[in-house]
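Taken in order, these protein sequences are the chains called B and W.
If you're matching positions, the first sequence starts at 1 in UniProt numbering and goes up one per residue.
If you're matching positions, the second sequence starts at 1 in UniProt numbering and goes up one per residue.
Just so it is clear, CB atoms sit at the ideal spot from N, CA and C, and this is done for glycine as well.
The structure appears right after this line, and notes come after that.
Protein chains: 2
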Amino acid sequence: MSIQKIAKLAGVSVATVSRVLNNSDSVKSKNRERVLEAIRESNYQPNLLARQLRTSRSSMILVMVSNIANPFCADVVKGIEEEAEMNGYRILLCNSGSDIERSKSSLGLLSGKMVDGIITMDAFSRLPDLSTMIGQTPWVQCAEYADAGDVSCVGINDTDASEFAIRHLLERGCKRVALINHDLSYKYAQLRERGYKSVLSQQGNDFEAIEYASELSFHAGRSAMENLLRAPLKPDAVFAVSDTLAAGAMRAIDDAGMKVPQDIAVIGFDGTELAEMVSPQLTTIEQPSRDIGRHAVSLLLRKIDNPEAPAERLMMGWRFIARASA
Amino acid sequence: MSIQKIAKLAGVSVATVSRVLNNSDSVKSKNRERVLEAIRESNYQPNLLARQLRTSRSSMILVMVSNIANPFCADVVKGIEEEAEMNGYRILLCNSGSDIERSKSSLGLLSGKMVDGIITMDAFSRLPDLSTMIGQTPWVQCAEYADAGDVSCVGINDTDASEFAIRHLLERGCKRVALINHDLSYKYAQLRERGYKSVLSQQGNDFEAIEYASELSFHAGRSAMENLLRAPLKPDAVFAVSDTLAAGAMRAIDDAGMKVPQDIAVIGFDGTELAEMVSPQLTTIEQPSRDIGRHAVSLLLRKIDNPEAPAERLMMGWRFIARASA
DNA sequence: CTGAAAGCGCTTACAG
DNA sequence: CTGAAAGCGCTTACAG
Chain B
1 MSIQKIAKLA
11 GVSVATVSRV
21 LNNSDSVKSK
31 NRERVLEAIR
41 ESNYQPNLLA
51 RQLRTSRSSM
61 ILVMVSNIAN
71 PFCADVVKGI
81 EEEAEMNGYR
91 ILLCNSGSDI
101 ERSKSSLGLL
111 SGKMVDGIIT
121 MDAFSRLPDL
131 STMIGQTPWV
141 QCAEYADAGD
151 VSCVGINDTD
161 ASEFAIRHLL
171 ERGCKRVALI
181 NHDLSYKYAQ
191 LRERGYKSVL
201 SQQGNDFEAI
211 EYASELSFHA
221 GRSAMENLLR
231 APLKPDAVFA
241 VSDTLAAGAM
251 RAIDDAGMKV
261 PQDIAVIGFD
271 GTELAEMVSP
281 QLTTIEQPSR
291 DIGRHAVSLL
301 LRKIDNPEAP
311 AERLMMGWRF
321 IARASA
Chain W
1 MSIQKIAKLA
11 GVSVATVSRV
21 LNNSDSVKSK
31 NRERVLEAIR
41 ESNYQPNLLA
51 RQLRTSRSSM
61 ILVMVSNIAN
71 PFCADVVKGI
81 EEEAEMNGYR
91 ILLCNSGSDI
101 ERSKSSLGLL
111 SGKMVDGIIT
121 MDAFSRLPDL
131 STMIGQTPWV
141 QCAEYADAGD
151 VSCVGINDTD
161 ASEFAIRHLL
171 ERGCKRVALI
181 NHDLSYKYAQ
191 LRERGYKSVL
201 SQQGNDFEAI
211 EYASELSFHA
221 GRSAMENLLR
231 APLKPDAVFA
241 VSDTLAAGAM
251 RAIDDAGMKV
261 PQDIAVIGFD
271 GTELAEMVSP
281 QLTTIEQPSR
291 DIGRHAVSLL
301 LRKIDNPEAP
311 AERLMMGWRF
321 IARASA
């Protein structure tokens, strides 16, 4: 089935068929009816590839995340999908697993014109060949930042949020606060670490213990905590940069026969549902994940519609949620 | 940048350029070099849309899930993505949220030739216009079944698994076993309910309490459990058809001031990491989620390569994991 | 309001 | 081994 067949069936030209398909122009209503009828009876569906090739618009955006199993990622993706759908866009998901090869091959979709733009939650510094691509390309970073390049981003003030969490632990009487961070190729990891360090030094507290998780998973959190517990001087509090990591830390603490928060207080990050699932329930920093996703799409669409538009930097609010774990 | 420009640059025809791009045929090595050189210096990337239009192959598959935030879904999707990548395919994710409209519009990608096939985890009976599409279309159901139509599927024996779980609870001494099920438009929900009922009737146990969750989420599980707890005769055990639902149930039990498993034993389903995150850790039925995803892709690819191939039905193994919750 | 025609960027018989 | 040409299925000035 092609537009040709429909044209023949309806006794009009392909141009006319195309016009009713795009309900553009004014087509004489009798012709419109005949076309519509032909479409109906032949169950015709336009070929999207042809359309996109012709218009050089794909109405698809590529979303690259490092781990879709992280509930925060999933929430952001939901927001992205909602807003994309409202604007007639679809998303292509690439679950990079922080794998450079996979990321690189995904980026081929962009140069191959399969997608109109990209939203990344991955660390920028890990994305290859970026310098040659950015600038020409609608791109937004989501819950993460780009130092260089003309790239929009939407996120929260990570340093502030981190400082707030650490201060809370200190005020609570904790003396030895450890940090379970994501690897430092992520800008947000750098910022949160900065917050952690700055509060400690302000308060003249010289205990410092940092573990880096290679991914935002329960397992990574658990082994990070196990490492912390192996040290001669154990922490009495731990701030993990994701709820998933925090859940892993809590499991490790439990396995070691210690209690949260009595022996070790725990604070997470993200404010996902997971924080309510664990016991004791997790104190955490809530990010407006859905909205972050939605705004990422808005920024991206603006850039797609107007490539000259300058990069924007959107800072969203965050909220500290006090629960039983700290 | 188009193949034309490269041809001009290299001083050959577009056909030759195309040949080296597809490293088909034998191109004289001097010409190959010149083309490769031209490609390099102009940073050329082939337009995928044009290629796909011409070859009528998109190398993309549509994946429809009801809720990507459900860790089981996320794991299956990871498996799908891995296997797809190994075969040069990409995935388009549609997080339907069980929304008919969204599902329907996604299906347009198929008829629009944007994807070569579909993998669904959604309930079949909810997908609209299926009868007109199936048969012509490479399609596989994943962790779910189709009664009708020529559709392949891969999953586990849900009835057996469910019976095993219920029997475990009964053997443990539980007298009043409730079920938190997904809505019955899902075939697997029907099968697991059948397992639940058959064991109870075999054993002459006439307590029956079933709650239906509208989605596989923590919240839905929590409210289902709250409903069960409102009944005059409370259950002393509950079998939830997903770990996420079970986590919600545990939260409700905790909120009601009761203990798992002493007051109410809980068994989940899926064997996701979540089962290790909650306290007490969750007894559950493990599905080989990653492999389910991988095999779904294999089946699909076989169908794409050979449309005449009959539908296949793949049954995977499952495993009961006993932990503290039951 | 409508149609003939060009063209988006590829691939692939076909002929040489 | 290579090129000219047709064609995938659309959209969109352009002329009428």
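Contact criterion: CB-CB distance below 9 Å. Does residue i meet it with respect to chain B?
i: W:Q45; result: yes
i: W:M121; result: no
i: W:H219; result: yes
i: W:D305; result: no
i: W:Q52; result: yes
i: W:D75; result: yes
i: W:Y315; result: Rather than Tyr, the amino acid found at residue 315 of chain W in this sequence is Met. For W:M315, the answer is no, since every Cβ of chain B falls outside 9 Å of its Cβ.
i: W:S325; result: no
i: W:K234; result: no
i: W:S18; result: no
If we define contact as Cβ-Cβ less than 9 Å, is residue i a contact residue for chain W?
i: B:I91; result: yes
i: B:K113; result: yes
i: B:D270; result: no
i: B:L36; result: no
i: B:A69; result: yes
i: B:M64; result: no
i: B:A10; result: no
i: B:A247; result: yes
i: B:M225; result: no
i: B:K5; result: no
i: B:G117; result: no
i: B:E276; result: yes
i: B:L127; result: no
i: B:L300; result: no
i: B:S242; result: no
i: B:K28; result: no
May I ask you to list the residues that DSSP assigns as paired with residue i?
i: W:D270; result: W:E286
i: B:I118; result: B:L62 and B:W139
i: B:S152; result: B:V140
i: B:R90; result: B:M60
i: W:E211; result: W:I180
i: W:R319; result: W:E286
i: W:A265; result: W:A237
i: W:N95; result: W:V65
Please report the residue range of the alpha helix (DSSP H) in which residue i lies.
i: W:L109; result: I100 to S111
i: W:A84; result: P71 to M86
i: B:A50; result: L48 to T55
i: W:I39; result: S29 to S42
i: W:Y188; result: K187 to Q202
i: W:A220; result: F218 to R230
i: B:E308; result: Counting along the chain, B:E308 falls outside any alpha helix (DSSP H), and DSSP gives it neither H nor E.
i: B:F164; result: D158 to E171
With respect to the beta strand (DSSP E) encompassing residue i, which residues constitute its N-terminal and C-terminal limits?
i: W:S13; result: From DSSP, W:S13 is part of no beta strand (DSSP E); its letter is neither H nor E.
i: W:M258; result: No beta strand (DSSP E) contains W:M258, which DSSP labels as neither H nor E.
i: W:M316; result: R313 to M316
i: W:F239; result: A237 to A240
Rank the options by C-alpha distance to the C-alpha of residue i and give the top, closest one.
i: W:M114; options: B:L48, B:H168 and B:I118; result: B:L48
i: W:G117; options: W:E312, W:W139, W:M64 and W:R102; result: W:W139
i: residue 331 of chain W; options: W:A69, W:E85, W:C94 and W:G268; result: Beyond the ends of chain W as shown, which are 1 and 326, falls residue 331 of chain W; an answer cannot be given.
i: B:S105; options: W:K197, W:G88, W:D183 and W:R40; result: W:G88
i: B:S56; options: B:S42, B:L110, B:P310 and B:R294; result: B:L110
i: W:H168; options: W:A252, W:R32, W:V238 and W:I39; result: W:V238
i: W:N157; options: W:V151, W:E144 and W:I166; result: W:E144
i: B:I321; options: B:I100, B:R90, B:T120 and B:F164; result: B:F164
i: W:Q203; options: W:I210, W:Y186 and W:V177; result: W:V177
i: W:I91; options: W:I39, W:V76 and W:R102; result: W:V76
i: W:M316; options: W:G293, W:S18, W:V12 and W:E226; result: W:G293
Any heavy atom of the ligand SAM closer than 8 Å to the CB of residue i?
i: B:A224; result: Summarising the ligand content, the structure contains no ligands, and the ligand SAM is consequently not present.
Exercise for the section: Could you run through the region 279-293 of chain B and flag, in chain order, every residue whose CB is less than 9 Å away from some CB of chain W? Expected result: Within the region 279-293 of chain B, the residues whose Cβ lies closer than 9 Å to some Cβ of chain W are S279, P280 and Q281, listed in chain order.
Exercise for the section: Please name the residues in the region 80-106 of chain W whose beta-carbon is closer than 7 Å to at least one beta-carbon of chain B, in chain order. Expected result: E81, E85, R90, I91, L92, L93, N95 and R102
Practice task
Can you give me, in chain order, the residues of the region 250-268 of chain B that have a beta carbon less than 9 Å from any beta carbon in chain W?
Solution key: M250, R251 and D254
Problem - Contact list for the region 199-219 of chain B against chain W, Cβ threshold 8 Å - result: S217, F218 and H219
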